[in-house]
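In the order they appear, the protein sequences are chains A and B. For the first sequence, position 325 (counting from the first letter as 1) is numbered 325 according to this note's numbering, and the numbering increases by one without interruption. Counting from 1 along the second sequence, just add 413 to a position and that's the residue number in this note's numbering. Don't be surprised by glycine CBs; every beta carbon is placed ideally from N, CA and C. What follows is one structure encoded as structure tokens, with my remarks underneath.
Number of protein chains: 2
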Amino acid sequence: MLQSQLFVKTTKQAPKHEKSINAQLLVRAGFIDKLAAGIYTYLPLGVQVFKKIEKIIQEEIETIGGQKVLMPALHPREKWEITGRWQVSEMFKLKGRFGKEYGLGWTHEEIITPLAKKNIHSYKDLPCYIYQIQTKMRDEPRAKSGLLRGREFTMKDLYSFHTEQKDLDNYYEKVKKAYFKIFKRCGLGAQTYLTLALGGTFSKYSHEFQTITPAGEDIIYICQKCNLAINKEIKSEFTICPECQGKKFKMVKAIETGNIFKLGTKYSEPFNFKFRAQNGQEKLVVMGCYGIGLDRLIGAIVEIYHDKQGIIWPKEVASHQIHLIQVENSRQVKASAEKLYKNLKKNNIQVLYDDRKDKTPGEKFAEADLIGIPLRIVISERVLKKNSVELKRRDEKKVKLIKIKNLLQSLNF
Amino acid sequence: MLQSQLFVKTTKQAPKHEKSINAQLLVRAGFIDKLAAGIYTYLPLGVQVFKKIEKIIQEEIETIGGQKVLMPALHPREKWEITGRWQVSEMFKLKGRFGKEYGLGWTHEEIITPLAKKNIHSYKDLPCYIYQIQTKMRDEPRAKSGLLRGREFTMKDLYSFHTEQKDLDNYYEKVKKAYFKIFKRCGLGAQTYLTLALGGTFSKYSHEFQTITPAGEDIIYICQKCNLAINKEIKSEFTICPECQGKKFKMVKAIETGNIFKLGTKYSEPFNFKFRAQNGQEKLVVMGCYGIGLDRLIGAIVEIYHDKQGIIWPKEVASHQIHLIQVENSRQVKASAEKLYKNLKKNNIQVLYDDRKDKTPGEKFAEADLIGIPLRIVISERVLKKNSVELKRRDEKKVKLIKIKNLLQSLNF
Chain A
1 MLQSQLFVKT TKQAPKHEKS INAQLLVRAG FIDKLAAGIY TYLPLGVQVF
51 KKIEKIIQEE IETIGGQKVL MPALHPREKW EITGRWQVSE MFKLKGRFGK
101 EYGLGWTHEE IITPLAKKNI HSYKDLPCYI YQIQTKMRDE PRAKSGLLRG
151 REFTMKDLYS FHTEQKDLDN YYEKVKKAYF KIFKRCGLGA QTYLTLALGG
201 TFSKYSHEFQ TITPAGEDII YICQKCNLAI NKEIKSEFTI CPECQGKKFK
251 MVKAIETGNI FKLGTKYSEP FNFKFRAQNG QEKLVVMGCY GIGLDRLIGA
301 IVEIYHDKQG IIWPKEVASH QIHLIQVENS RQVKASAEKL YKNLKKNNIQ
351 VLYDDRKDKT PGEKFAEADL IGIPLRIVIS ERVLKKNSVE LKRRDEKKVK
401 LIKIKNLLQS LNF
Chain B
414 MLQSQLFVKT TKQAPKHEKS INAQLLVRAG FIDKLAAGIY TYLPLGVQVF
464 KKIEKIIQEE IETIGGQKVL MPALHPREKW EITGRWQVSE MFKLKGRFGK
514 EYGLGWTHEE IITPLAKKNI HSYKDLPCYI YQIQTKMRDE PRAKSGLLRG
564 REFTMKDLYS FHTEQKDLDN YYEKVKKAYF KIFKRCGLGA QTYLTLALGG
614 TFSKYSHEFQ TITPAGEDII YICQKCNLAI NKEIKSEFTI CPECQGKKFK
664 MVKAIETGNI FKLGTKYSEP FNFKFRAQNG QEKLVVMGCY GIGLDRLIGA
714 IVEIYHDKQG IIWPKEVASH QIHLIQVENS RQVKASAEKL YKNLKKNNIQ
764 VLYDDRKDKT PGEKFAEADL IGIPLRIVIS ERVLKKNSVE LKRRDEKKVK
814 LIKIKNLLQS LNF
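Next comes the structure, spelled out in structure tokens:
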């Protein structure tokens, strides 16, 4: 991608009305634009990050058998009346021209359950795992935390269907592992804790994945022995850790970046969703649901990975792998930079190439730090004389001089 | 993909309340599911087709410089008041909890124009091409044609920004060519005609891309000399073809699968979107907009490519390249089919493998015809004795016997 052609410019000033660090940096660096409170446009660089995260989630969920669907955002009122959740105040509601009433989906149990019922009839059709990555809307009372709490957002929601609780329990453990892989690949492995939280009708507790950050709205207590965390909302129920009987906890602020939930028959009951068991009996299908918010993940990454100069993207979610900067406009520098750009692209390396002629080196470096691509390569007259380029990691101060002919092998993606 | 694990089953009966051929076949074959009138879920096979079309569009639009963004579906009322389009009856409207009013986006001029205004200030920033592939909603009075006319649908919408009309005119011609490539790759090249249609405030005419099908809701007149078509709505203005002065026209039914529009300053005026020209003067930005409906494209493909047995997907948009069918369950047939499945996948060929044990060959063939993957490979005891498999194109009756060792090179994707 040529930076000279990039639609969006970075800005030095923090945007008005944005208090969260993630929104301030993402807006300034040109990843997102605010349309209204809790409602953002993803700009070209933001779309690249979004796609990386989408790909990670898709790969890990398909590894545990998830089949991808795409459900609508417009939901007819009737489906939500069946579970009594039409009244939920977070649901945006609207009327069509013939009086038809719709809610805007903020979750999809009321849609996936009758859909699964049409296709699952026998124990032979189970277990079954269905997921989507889809735009959701929620009438959020507090939409002040940038991408951490939006009115419009993209979720990965996975639903699992089982013949019995034991099978759900097994799959639930698989999802836990897949989630940890996702957080690890997004750079949040070290900061994200499996957290015991409030359950529902069919399970006393659920699990959240909480990522530690001062921007978090939740408080969790991390067991210092086994690392299980407990959400403050249920902490009073535990004097010792239910996992390892540990007694020491560390209290921290965190943001819920994922949740997994044993639904049991909570939704199969109202939809009368049954299957024929091997012995011929009709039984209710046992369900689980598993969510991750993509925008919130991006917001959490920026809250954690930044410094005064800007964002520091973890490798696998950065919009580009390399920021190539040409600091002078002499014919030789330009030709070398263009040649390197083409060569990197040919090797399937994603490069943002700062080919702009009207910026000083200082301006270019400041913008590169703000945008936060993990590796910076600088080409100048001075280093070209040594047949070299300067290589710098965004998260280090050190600048390395690398011979151009050795560059590709030293990158080692 | 293993067909035994596929979430959705095909059905023999046409669904009630579905009158259009596209919805009947897509529902029966398990590509989509109807949630409400004009509102569909894409099922696993449908998601694969959707992704193929998305990829084709993305590639062709990025070839002509399109930069991808993702704008929201929830639009604040204020933006639409600026152009006076808040009153449009097709717009779904809703109120948030603090009285905030939103419309659901059915197009994005009111969003992209102020966004572009924030980033485009000088002639140096122009031209600029921004697009997205995004979910739109429209309060459609007639939602009876399956995917051809939905209340929720996915559009590719591209917006172009120029210093002057001439530059817009040039880009407009580029988009025309890109659109023809898209239709060709989707299998609709021969049926799709550039069609003169009603313009707006700033251009007397616009262009539609109309795809001939009896399911179409439009009537177009195709010039028999140069192939330019004219929409019935403006046909009375022309006695001869404005392109070649031809006098003979053929009247056909067609569906609008794309449209391109010279907006001029229609939106830059109300948003006061100006740039500084090379001579220092401030001038209004000249705009164009270009849409393609992905769902409608899929619907049109099915309306055109089907027979009594089912869908006949064009090669580049099929959910899979090969439908591999194991017709017996002997150890030898199963082992050979599994080996071939793995080998094809290793060669990056997308395969739906019918590994089901409880279906007769006749049932499997009927389902394969309904699903409509372009190439069918059958493995049975009989042909394995000749170290061969049976190869059949969905659009031909002829069955070829091919030696397994020659199969890969004869596939020739």
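- Residues of the segment 500 to 512 of chain B whose Cβ lies closer than 9 Å to any Cβ of chain A, in chain order: 502, 503, 505, 506, 507, 508, 509, 510 and 511.
- Of the candidates A/101, A/370 and A/166, A/101 places its Cα closest to the Cα of residue 78 of chain A.
- Residue pairing from DSSP places residue 197 of chain A in a beta bridge opposite A/206.
- For residue 570 of chain B, the enclosing beta strand (DSSP E) stretches over residues 565 to 575.
- Taking a C-beta cut-off of 7 Å against chain B, the contacting residues of the segment 147 to 162 of chain A are 151 and 152, listed in chain order.
- Residue 711 of chain B and residue 560 of chain B do touch by the CB rule: their CB atoms are close to 5 Å apart, below 8 Å.
- Interface criterion not met: the Cβ of residue 742 of chain B is under 8 Å from no Cβ in chain A.
- For chain A, the residues of the segment 420 to 442 of chain B that bring a beta carbon within less than 8 Å of one of its beta carbons are 420, 421 and 422, in chain order.
- Residue 218 of chain A places its beta carbon less than 8 Å from that of residue 254 of chain A.
- At a cut-off of 8 Å between beta carbons, residue 170 of chain A makes no contact with chain B.
- Only 486, 487 and 489 from the segment 486 to 501 of chain B bring a Cβ to less than 7 Å from some Cβ of chain A.
- Excluding the 5 residues flanking it on each side, residue 185 of chain A has same chain C-beta neighbours closer than 6 Å at 56 and 316, in chain order.
- The beta-carbon of residue 532 of chain B is placed less than 8 Å from the nearest beta-carbon of chain A.
- When secondary structure is reduced to three states using DSSP, residue 275 of chain A falls in the strand class.
- When only Cα atoms are considered, residue 646 of chain B and residue 585 of chain B end up about 22 Å apart.
- Shown here, residue 366 of chain A sits in a helix according to DSSP, grouped into three states.
- Residue 273 of chain A counts as buried, since at least 16 other C-beta atoms from the protein chains shown sit within 10 angstroms of its C-beta.
- Taking 8 Å as the cut-off, the beta carbon of residue 401 of chain A is found closer than this to the beta carbon of residue 388 of chain A.
- Around the CB of residue 304 of chain A, 16 or more other CB atoms lie within 10 Å, so the residue is classed as buried.
- Annotation note: the segment 735 to 823 of chain B contains the following uninterrupted beta strand (DSSP E) runs of length 3 or greater, listed N- to C-terminal: 735 to 739, 764 to 767, 788 to 792, 801 to 806 and 812 to 816.
- Proximity of residue 226 of chain A to chain B, defined by a Cβ-Cβ separation below 8 Å, is not satisfied.
- Pairing residue 719 of chain B with residue 145 of chain A, the inter-Cα distance amounts to about 50 Å.
- For residue 704 of chain B, no alpha helix (DSSP H) segment is defined; the enclosing uninterrupted segment is the beta strand (DSSP E) at 699 to 706.
- Our two residues, residue 725 of chain B and residue 442 of chain B, have alpha carbons roughly 11 Å apart in a direct line.
- Chain order gives the chain A residues near residue 552 of chain B as 96 and 97, where near means a beta carbon separation below 7 Å.
- By the Cβ criterion, the segment 260 to 267 of chain A is in contact with the segment 278 to 286 of chain A, since at least three pairs of Cβ atoms, one from each stretch, lie closer than 8 Å.
- Shown here, residue 628 of chain B sits in coil according to DSSP, grouped into three states, outside any helix or strand.
- Excluding residues up to 5 positions away in sequence, 515 lie with their Cβ nearer than 6 Å to the Cβ of residue 487 of chain B in the same chain.
- Taking the beta carbon of residue 50 of chain A as reference, the chain B residues within 8 Å of it are 483, listed in sequence order.
- Close partners of residue 636 of chain B in chain A (Cβ separation under 8 Å) are lacking, with about 38 Å as the shortest Cβ gap.
- Under the rule that a run must span 4 or more residues, the alpha helix (DSSP H) segments found entirely inside the segment 483 to 512 of chain B read 490 to 496.
- Counted as a single uninterrupted DSSP element, the stretch harbouring residue 135 of chain A is not any alpha helix (DSSP H) but the beta strand (DSSP E) occupying residues 128 to 137.
- Against chain A, the CB of residue 528 of chain B has a partner CB under 8 Å away; the residue lies at that interface.
- Taking a beta-carbon distance threshold of 8 Å, residue 47 of chain A counts as an interface residue toward chain B.
- Residue state for residue 593 of chain B is assigned as helix, using DSSP reduced to three classes.
- Residue 210 of chain A is positioned such that its CB atom lies closer than 8 Å to that of residue 229 of chain A.
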